[in-house]
Amino acid sequence: MTPAATTAAPAAIRTSFVLGMRCQACGHTLDACATQVCEECFGPLGIAYDDDAIARVLTRQVIESRPRNMWRYEELLPLTRPPSVGAGTGMTPLVKADRLARALGVDELWIKDDGACHPTLSFKDRVVSVAVSKAIELGLDTVACASTGNLANATAAQAAVAGLKCVVFIPDNLEPAKVLGTSIYGAEVIAIRGTYDDVNRICTEIADRYPWGFVNVNLKPFYAEGSKTVGFEIAEQLGWRVPAHTVVPMAGGSLLTKIAESYQQLARFGLLGDAPSSPAHKARVHGAQGAGCAPIVEMVRENREQIRPIKTPATIAKSLAIGNPADGHEARQAISSSGGFAAAATDQEIIAGMRLMAETEGLFVETAGGAAVAALRHLLASGHIGRGDGPIVLCNTGHGLKTQDPLLGVLPAPTSMRPTLANFEAHLRSRR
Amino acid sequence: MATVRIPTPLRKLTQGKEEVVASGATIGALIASLEASFPGLKERICDDAGQVRRFVNIFANDEDIRFLKNLDTPVKDSDEISIVPAIAGGR
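Those protein sequence lines, which keep their order, are chains A and B. Residue numbers for the first sequence follow this note's numbering, so the first one is 1 and each next one is one higher. Residue numbers for the second sequence follow this note's numbering, so the first one is 1001 and each next one is one higher.
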């Protein structure tokens, strides 16, 4: 079912606002196709939209009249036909986090909780919904990805919905439970003997030879656009204003880059506030990584343009453990130009962040969400975020049920007792 | 002679060949030898300062040369060199 099917006037063919693809480094343009690399300079390809045409049709009222899913921003997404999958994806809760705000000593704090994203409980459902829909537009019959967890789950699930073949490449040292969360959807899983970065490289070479849609390789320009919907939703849920600070977990750096871009796009199309000139430039974006794999944080701290890749990532935030981040340069630029900063969290700080989020807001966030809480603490301490600056949004990228391993043995064990009132009351006395 | 895998964006310069052979004691020398056989190839891989562009990764027998000696990484005849676009990933 597509969003169009849930509205009064379903449209088989919709107006496309996509002009084609454009190299973000050299400006070279080409028609939309399954490739991520500029043939002239190897630079990353982005999507070129017809901004004038979008400006003529896109208003807050138009968006607000649509179903509450990620496709309500369809003019700003790179499809040319109604989406094939993802009718239930997006519009995740923006939770006002007053108890967590008090614990951290800030005035206004919100959690954008993509741990509630449909159908696989991470923000990857958004990007994969775009990539799989695009794969169908391009006539591909197989989708694939390089992943260790959230992306694998999302790709396998949406491929099943679309009836496409799915091949997922993983490092061969993954825990069985993580593999299971992908295999259940009927995907073929191939375990590569190496790290995630090795898996990524072999997928890039396979995508170069076989006509498969690798969602995070040759479909990446389309896939990445799906991340903008996180930022669109944050602004809409805040009453069409952008937060003073957004703290975003970083792996490859694409999510942060696209959230920053989404705020700029909303401003450009006059969708923010009452005045068209609402200050998107004052929306500072900050990045969070695990201390054992923080190549983008280091670039920001050292104001350095070149990535120094991490050979052996060591952090419990496995979904952030990319030693060679593809969008590191773009993320650094987005952070710096917004006036933001970045911070790394140790394993202990990540666990403390997960526990604090759960104990104050009732949200069981994945390790990456714990890293975001820890990064916020660091950024408050260093003065990069002021306690009374205005709304702060923390992005949680996935549900904690998917990353339980680091918590094993950390949380208190249940109290065991025989079923008598005397035993219970003895236990109560021992707690005092 | 080492074997060099050529990605799609560079195959216009190698007459469509996916794999070519090239000589050179180091990666830097190998790129110079590729340039001699396939003019224009070096400037696509390296920037004006002669360093590998940030959108390009080079692997010597599956190891990223940034973990070895970059352009000074030694190359043997039996080695397999891959030139791979950097733009991929997101787990």
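We put the CB at the ideal spot given by N, CA and C, even for glycine.
Which bits of chain A does residue i rub up against, with CB to CB less than 7 Å?
i: residue 1008/B; result: 208
i: residue 1059/B; result: 201
Can you confirm whether residue i, when its beta carbon is compared against all beta carbons of chain B, has any partner nearer than 7 Å?
i: residue 204/A; result: yes
i: residue 366/A; result: no
i: residue 406/A; result: no
i: residue 134/A; result: no
i: residue 309/A; result: yes
i: residue 278/A; result: Its pLDDT being 48, under 50, residue 278/A is placed unreliably by the model, and the measurement read from it follows with that caveat. No - not a single Cβ of chain B is within 7 Å of the one on residue 278/A.
i: residue 13/A; result: The predicted model places residue 13/A with a pLDDT of 47, which falls under 50 and marks its position as unreliable; any figure quoted below should be read in that light. Answer no: the Cβ-Cβ gap between residue 13/A and chain B never drops below 7 Å.
Just list the residues that DSSP pairs residue i with in beta bridges.
i: residue 67/A; result: Its beta-bridge partners do not exist; DSSP assigns none.
i: residue 1064/B; result: 1059/B
i: residue 110/A; result: 96/A, 393/A
i: residue 45/A; result: 23/A
i: residue 203/A; result: None; residue 203/A has no bridge partner.
i: residue 1082/B; result: 1005/B, 1059/B
i: residue 249/A; result: 288/A
i: residue 222/A; result: DSSP, once it has assigned bridges, lists no residue as partnering residue 222/A.
i: residue 232/A; result: Looking at the DSSP assignment, residue 232/A forms no beta bridge with any residue, so it has no partner.
i: residue 399/A; result: 365/A
i: residue 38/A; result: Looking at the DSSP assignment, residue 38/A forms no beta bridge with any residue, so it has no partner.
i: residue 1074/B; result: 1026/B
i: residue 1019/B; result: 1005/B
i: residue 298/A; result: For residue 298/A, which the question treats as bridged, DSSP gives no partner whatsoever.
i: residue 293/A; result: 290/A
i: residue 169/A; result: 146/A, 190/A
i: residue 30/A; result: 21/A
Give me, in chain order, the residues of the same chain whose beta-carbon lies closer than 8 Å to that of residue i; leave out the 5 immediate sequence neighbours on both sides.
i: residue 399/A; result: 115, 116, 121, 122, 364, 365, 366
i: residue 18/A; result: 32, 47, 48, 49, 50, 78, 79, 80
i: residue 233/A; result: 70, 90, 91, 92, 94, 112
i: residue 417/A; result: 423, 424, 427
i: residue 26/A; result: 38, 40, 41, 43
Using 7 Å as the limit for Cβ to Cβ distance, is residue i near chain A?
i: residue 1066/B; result: yes
i: residue 1055/B; result: yes
What does residue i touch in chain C if you count any residue whose Cβ is under 8 Å from its own?
i: residue 1082/B; result: The question asks about chain C, but that chain is absent: this structure's protein chains are A and B.
Since residue i meets chain A, which of its residues come closer than 8 Å, beta carbon to beta carbon?
i: residue 1002/B; result: Near residue 1002/B there are no residues of chain A at all, since even the closest Cβ is about 17 Å away, more than 8 Å.
i: residue 1086/B; result: 42, 324, 326
Considering only the alpha carbon of each residue, which of the options lies closest to residue i?
i: residue 299/A; options: 84/A, 414/A, 250/A; result: 250/A
i: residue 1001/B; options: 1041/B, 1040/B, 1026/B; result: 1026/B
i: residue 163/A; options: 222/A, 84/A, 182/A; result: 84/A
i: residue 290/A; options: 306/A, 302/A, 312/A; result: 312/A
i: residue 156/A; options: 201/A, 183/A, 335/A, 402/A; result: 183/A
i: residue 247/A; options: 119/A, 130/A, 377/A, 272/A; result: 377/A
i: residue 143/A; options: 206/A, 172/A, 175/A, 180/A; result: 206/A
i: residue 214/A; options: 26/A, 169/A, 266/A, 63/A; result: 169/A
i: residue 382/A; options: 325/A, 343/A, 43/A, 334/A; result: 343/A
i: residue 336/A; options: 322/A, 256/A, 209/A; result: 256/A
i: residue 1060/B; options: 1050/B, 1072/B, 1051/B; result: 1072/B
i: residue 198/A; options: 409/A, 411/A, 325/A; result: 325/A
i: residue 388/A; options: 20/A, 87/A, 28/A, 102/A; result: 102/A
i: residue 140/A; options: 211/A, 178/A, 74/A, 195/A; result: 211/A
i: residue 218/A; options: 34/A, 411/A, 22/A, 23/A; result: 34/A
i: residue 1035/B; options: 1054/B, 1010/B, 1079/B; result: 1010/B
i: residue 331/A; options: 230/A, 396/A, 296/A; result: 296/A
Please compile the residues from chain B whose C-beta is within a distance smaller than 7 Å of the C-beta of residue i.
i: residue 306/A; result: 1054
Keeping to the same chain, check which residues put their C-beta closer than 7 Å to that of residue i; ignore five residues upstream and five downstream.
i: residue 1057/B; result: 1064, 1084, 1086
i: residue 224/A; result: 127, 254, 258
i: residue 361/A; result: 95, 97, 99, 100, 111
i: residue 276/A; result: Summary for residue 276/A: the model assigns pLDDT 42, below 50, so the residue's position carries little reliability; its value from the coordinates is reported in the next sentence. Around residue 276/A: 270.
i: residue 426/A; result: none
i: residue 260/A; result: 285, 334, 338
i: residue 55/A; result: 269
i: residue 161/A; result: 85
i: residue 317/A; result: 290, 350, 367, 368, 371
i: residue 118/A; result: 88, 89, 125
i: residue 1074/B; result: 1025, 1026
Short of 6 Å in beta carbon distance, which residues of its chain neighbour residue i, apart from the five on each side in sequence? Order them along the chain.
i: residue 150/A; result: 122, 124, 319, 398
i: residue 283/A; result: 242, 263
i: residue 44/A; result: 24
Report the neighbours of residue i on chain B: residues whose CB is nearer than 8 Å to its CB, in chain order.
i: residue 25/A; result: 1055
i: residue 329/A; result: 1054
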